[in-house]
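Worksheet: the structure to be examined is printed underneath.
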Amino acid sequence: MKLLREKIQNEGIVLSDGVLKVDSFLNHQIDPILMKEIGIEFAKRFENEGITKIVTIESSGISPAVMAGLELGIKVVFARKRKSLTLTNHLLTSKVYSFTKQEENMIAISSQYLSSTDRVLIIDDFLANGEAAKGLIDLVNQSGASVQGIGIVIEKSFQKGAAELKNLGYRVESLARIQSLTKGKVSFVEDAQE
Ligand code: G4P
Ligand code: NA
Ligand code: NA
Numbered sequence: 389m390k391l392l393r394e395k396i397q398n399e400g401i402v403l404s405d406g407v408l409k410v411d412s413f414l415n416h417q418i419d420p421i422l423m424k425e426i427g428i429e430f431a432k433r434f435e436n437e438g439i440t441k442i443v444t445i446e447s448s449g450i451s452p453a454v455m456a457g458l459e460l461g462i463k464v465v466f467a468r469k470r471k472s473l474t475l476t477n478h479l480l481t482s483k484v485y486s487f488t489k490q491e492e493n494m495i496a497i498s499s500q501y502l503s504s505t506d507r508v509l510i511i512d513d514f515l516a517n518g519e520a521a522k523g524l525i526d527l528v529n530q531s532g533a534s535v536q537g538i539g540i541v542i543e544k545s546f547q548k549g550a551a552e553l554k555n556l557g558y559r560v561e562s563l564a565r566i567q568s569l570t571k572g573k574v575s576f577v578e579d580a581q582e
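In the numbering used here, the protein residues as written are 389 to 582.
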């Protein structure tokens with residue numbers, strides 16, 4: 389998605405060889421106009437998959453997921469990372485290891501919002517090692533629903549998540565794929581292919 393690559397080039401800040409900061413439009417401040425286009429693009433890529441529900445994880449997955457849900461006309465449920473006062477009944481839970489934080493966290497979705505007949509599209513902001521995505525897949529599988537695809541805003545293709553999820557047989561659609569972040573520069577897989 390060219391618009392997204394341009395946004396990353398113009399506003400992204402390379403913090404290290406492994407980490408890209410995109411706080412101006414995705415992880416802190418949110419650009420709704422870009423996010424709307426992201427929703428349209430996800431909807432286009434998955435429109436023939438009979439998706440009935442989008443599953444994401446708080447907090448930064450929510451805005452692209454909601455925009456895709458708006459386009460597809462379906463509801464969006466986000467996995468919670470923190471205990472909630474009201475989210476208490478019939479919880480599906482999974483453990484997610486974070487490489488960046490080097491800690492394991494529990495994520496949870498109420499089984500009320502996923503049924504065995506659902507065809508799920510998983511959406512997230514970043515794909516790095518794929519731990520969050522695998523936790524979401526686990527939650528969806530526990531409900532008996534099926535994962536039809538995974539939509540990612542920014543994939544770091546040099547980390548192992550995308551390859552692992554594809555090896556597991558999942559369709560992964562990433563709107564921007566980063567080949568490297570070395571020397572303070574963002575290089576896209578898409579540019580290398582052109
Ligand atoms: P993984 O799920 O793919 O294995 O990733 P990891 O544990 O490394 O990621 C932990 C958090 O860091 C996630 O957000 C993930 O989206 C984010 N992240 C990973 N790599 C990058 C990066 O290069 N740039 C940015 N900006 N974020 C990255 P989170 O902590 O759950 O935060 P949030 O969703 O509440 O924003
Ligand atoms: Na994030
Ligand atoms: Na995320």
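Yeah, the Cβ is synthetic: ideal placement off N, Cα and C, and Gly gets one too.
Keep in mind the model is a prediction, meaning the values are calculated, not measured.
For H478 and A533, I'd like the C-alpha separation in whole angstroms. Counting from 1 along the sequence shown, the entry for residue 478 is found at position 90. Counting from 1 along the sequence shown, the entry for residue 533 is found at position 145. Looking at the two C-alpha atoms, the distance is approximately 16 Å.
**Item:** Inter-residue Cα distance where the pair is V560 and R433
**Value:** For the purposes of this step, residue 560 is taken as residue 172 along the sequence shown, with counting starting at 1. For the purposes of this step, residue 433 is taken as residue 45 along the sequence shown, with counting starting at 1. Taking the straight line joining both Cα atoms gives about 10 Å.
Item to complete: Identify whether L479 lies in helix, strand or coil by the three-state DSSP scheme.
Response: On the sequence shown, residue 479 is found 91 positions in, with the first residue counted as 1. The answer is strand: DSSP assigns L479 an E or B state.
How about V402 and V508: do their beta carbons lie closer than 8 Å? The count along the sequence shown starts at 1 and reaches residue 402 at position 14. The count along the sequence shown starts at 1 and reaches residue 508 at position 120. In this structure, V508 does not lie closer than 8 Å to V402 by Cβ.
Residue range of the alpha helix (DSSP H) that includes E519: Position 131 of the sequence shown, counted from the start, is the residue given in the question as residue 519. Segment E519 to S531, the alpha helix (DSSP H) holding E519.
Exercise. Which whole runs of the alpha helix (DSSP H) in the stretch 396 to 442 are 4 residues long or more, in chain order?
Worked result: 420 to 434
**OP:** Could you spell out where the beta strand (DSSP E) holding K554 opens and where it closes?
**Re:** Here the question's residue 554 lines up with position 166 in the sequence shown. Where K554 is concerned, there is no enclosing beta strand (DSSP E), although the alpha helix (DSSP H) it sits in stretches over G549 to N555.
| query | What residue range is occupied by the uninterrupted beta strand (DSSP E) comprising E543? | reply | Position 155 of the sequence shown, counted from the start, is the residue given in the question as residue 543. Looking at the DSSP string, the run of the beta strand (DSSP E) that includes E543 is S534 to K544.
Practice item. Return the chain-ordered list of same chain residues with a C-beta closer than 7 Å to the C-beta of E425, the five sequence neighbours on each side being excluded. Key: Walking along the sequence shown from the start, residue 425 turns up at place 37. Hits under 7 Å: L391.
Could you give the C-beta distance for L553 and A521, rounded to a whole number, given that I count them as a contact under 8 Å? Residue mapping note: residue 553 aligns to position 165 of the sequence shown, counting from 1. Residue mapping note: residue 521 aligns to position 133 of the sequence shown, counting from 1. Their Cβ separation, rounded to whole angstroms, is 6 Å, which keeps L553 and A521 in contact under 8 Å.
Endpoints, beta strand (DSSP E) assigned at S568: Your numbering for residue 568 matches position 180 in the sequence shown. Start and end: V560 to S568.
*asked:* Can you confirm whether the stretch 499 to 516 touches the stretch 536 to 552 when touching is taken to mean that 3 or more C-beta pairs between the two stretches lie within less than 8 Å?
replied: yes
| message | Which residues does DSSP list as the beta-bridge partners of V508? | response | Counting from 1 along the sequence shown, the entry for residue 508 is found at position 120. Answer is K441 and V535, bridged to V508.
- Task: Note the first and the last residue of the continuous beta strand (DSSP E) segment covering M494.
- Result: For the purposes of this step, residue 494 is taken as the residue at position 106 of the sequence shown. Start and end: E491 to S498.
>> Just to confirm my understanding: we take E382, look at its own chain, exclude 5 residues before and 5 after, and list those with CB closer than 6 Å. What are they?
In response: A query on residue 382 cannot be resolved here, the shown segment of the chain reaching from 389 to 582 and no further.
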